[in-house]
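Numbering (the numbering used here), first residue to last: 3 to 241.
Built from N, CA and C at the ideal position, the CB exists for glycine as well.
Predicted, not measured: the structure shown is a model, and the values here were computed from it.
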Amino acid sequence: MAGYKEHISVSGLLGIGYGSIASLLMGFTPTQGILAGVLTWIGGMLPDLDSETGRPIKEIFSLTAAVASFVAMRCMIHKGADPDNAILMAVVTYASVRYGAAAILGKFAVHRGMFHSIPALIIAGETVFLAYFSDSYTVKFLMAGGISLGFLSHLVLDEVYSVERKGVSIRLKKSSGTAIKWFGNGLFGNAVAYAILLTMTYITLVDSGVLIPPQQAAPVENIDAPVQQASPFKTTERL
């Protein structure tokens, strides 16, 4: 498989190209282009969140935690929270991702499991789409596309490095096919991944206006006016 340096180099180059095209040819602002490029670079590291402990994984978790804390703080400010609460939320988010999520993944995640898969790629894109605050869906799709492109570059690079050439003969390593896949080997991991995928997809479609959430049934109006009942006795008029 490709190494950490190869992944960050390829995703970094893709980020430069993606951000440049967005700002120079597609009408996005330079700031939006830079952000999209950075997300592309980060996306190239995300599949290795399930890797064994080491310097690369620590750097990935630190970077992911920093981005998550920034998004959380911006979310709090967007909802009208005071600066102190926003900063507190950023600190809690950073600690939760950097240490809590890292410990959980280190214990349960399997390298080259469902983190290296198409469902994980889609989940990453949908997460950025929902987390990025913008009144323009085009901008949200730009950011989601950046993280997805970087994520895809990691998967493709792993598959490329799983092909071994000896002269004119080509041999596939055991790691071939373990990066670009829809299902992993574990039933539990598949179930969790697809549960998250279906939930995130539904929320994304509702947020983008593609799906309309089920409306609550209109309450039945109470009829407070008294009902006039007919008399059980029929009266006859005298002629």
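Cα-Cα separation, residue i to residue j
i      : j      : result
Val40  : Met202 : 23 Å
Pro85  : Met78  : 9 Å
Ala38  : Tyr163 : 27 Å
Val194 : Tyr139 : 28 Å
Ala103 : Ser22  : 33 Å
Trp43  : Leu200 : 26 Å
Val165 : Ala181 : 13 Å
Glu128 : Gly5   : 26 Å
Gly188 : Ile125 : 19 Å
His80  : Ser25  : 25 Å
Val93  : Leu151 : 29 Å
Asn87  : His118 : 36 Å
Leu123 : Ser11  : 19 Å
Ser245 : Gln34  : Coverage of the chain is limited to positions 3 through 241, which leaves residue 245 absent and any answer about it impossible.
Leu15  : Ile36  : 12 Å
Ser13  : Val212 : 31 Å
Val141 : Thr31  : 10 Å
Phe153 : Gly82  : 33 Å
Gly186 : Pro121 : 11 Å
Ile59  : Glu161 : 20 Å
Lys7   : Leu27  : 29 Å
Cutoff 7 Å; reference residue i; Cβ partners in own chain excluding five residues on either side
i      : result
Ile89  : Met75
Ala197 : none
Met91  : Ala74, Met75 and Met78
Gly19  : none
Val130 : Leu41, Met145, Ala146 and Ile149
Leu107 : Leu51 and Asp52
Ser210 : Tyr139
One or two residues paired with residue i in a DSSP bridge
i      : result
Val194 : Val194 pairs with nothing; no bridge assigned.
Contact set for residue i: own chain, Cβ-Cβ below 8 Å, skip 5 residues either direction
i      : result
His9   : Gly46, Met47, Asp50, Ser155, His156 and Leu159
Phe63  : Leu51, Val99, Arg100, Ala103 and Ala104
Val244 : Look at the range of the chain in this structure, 3 to 241, and you will see that residue 244 is not part of it.
Ala133 : Val73 and Cys77
Gly29  : none
Coil, strand or helix - residue i by DSSP
i      : result
Gly45  : helix
His156 : helix
Phe135 : coil
Ala24  : helix
Met202 : helix
Phe143 : helix
Phe185 : coil
Phe117 : coil
Asp84  : coil
Thr31  : coil
Val212 : coil
Val12  : helix
Gly5   : coil
Residues of its chain near residue i, where Cβ-Cβ distance is below 6 Å and the 5 sequence neighbours each way are ignored
i      : result
Gly17  : Gly39, Thr42 and Trp43
Tyr96  : Ala67 and Ser71
Gly191 : Gly115 and Met116
Ile205 : none
Ala220 : Reliability fails at Ala220, whose pLDDT of 48 lies under 50, so the model's placement of it is uncertain and the value that follows must be treated cautiously. Around Ala220: no qualifying Cβ.
Trp184 : Ile120
The stretch 142-150 in contact with the stretch 63-71 per 3-pair CB rule at 8 Å: no
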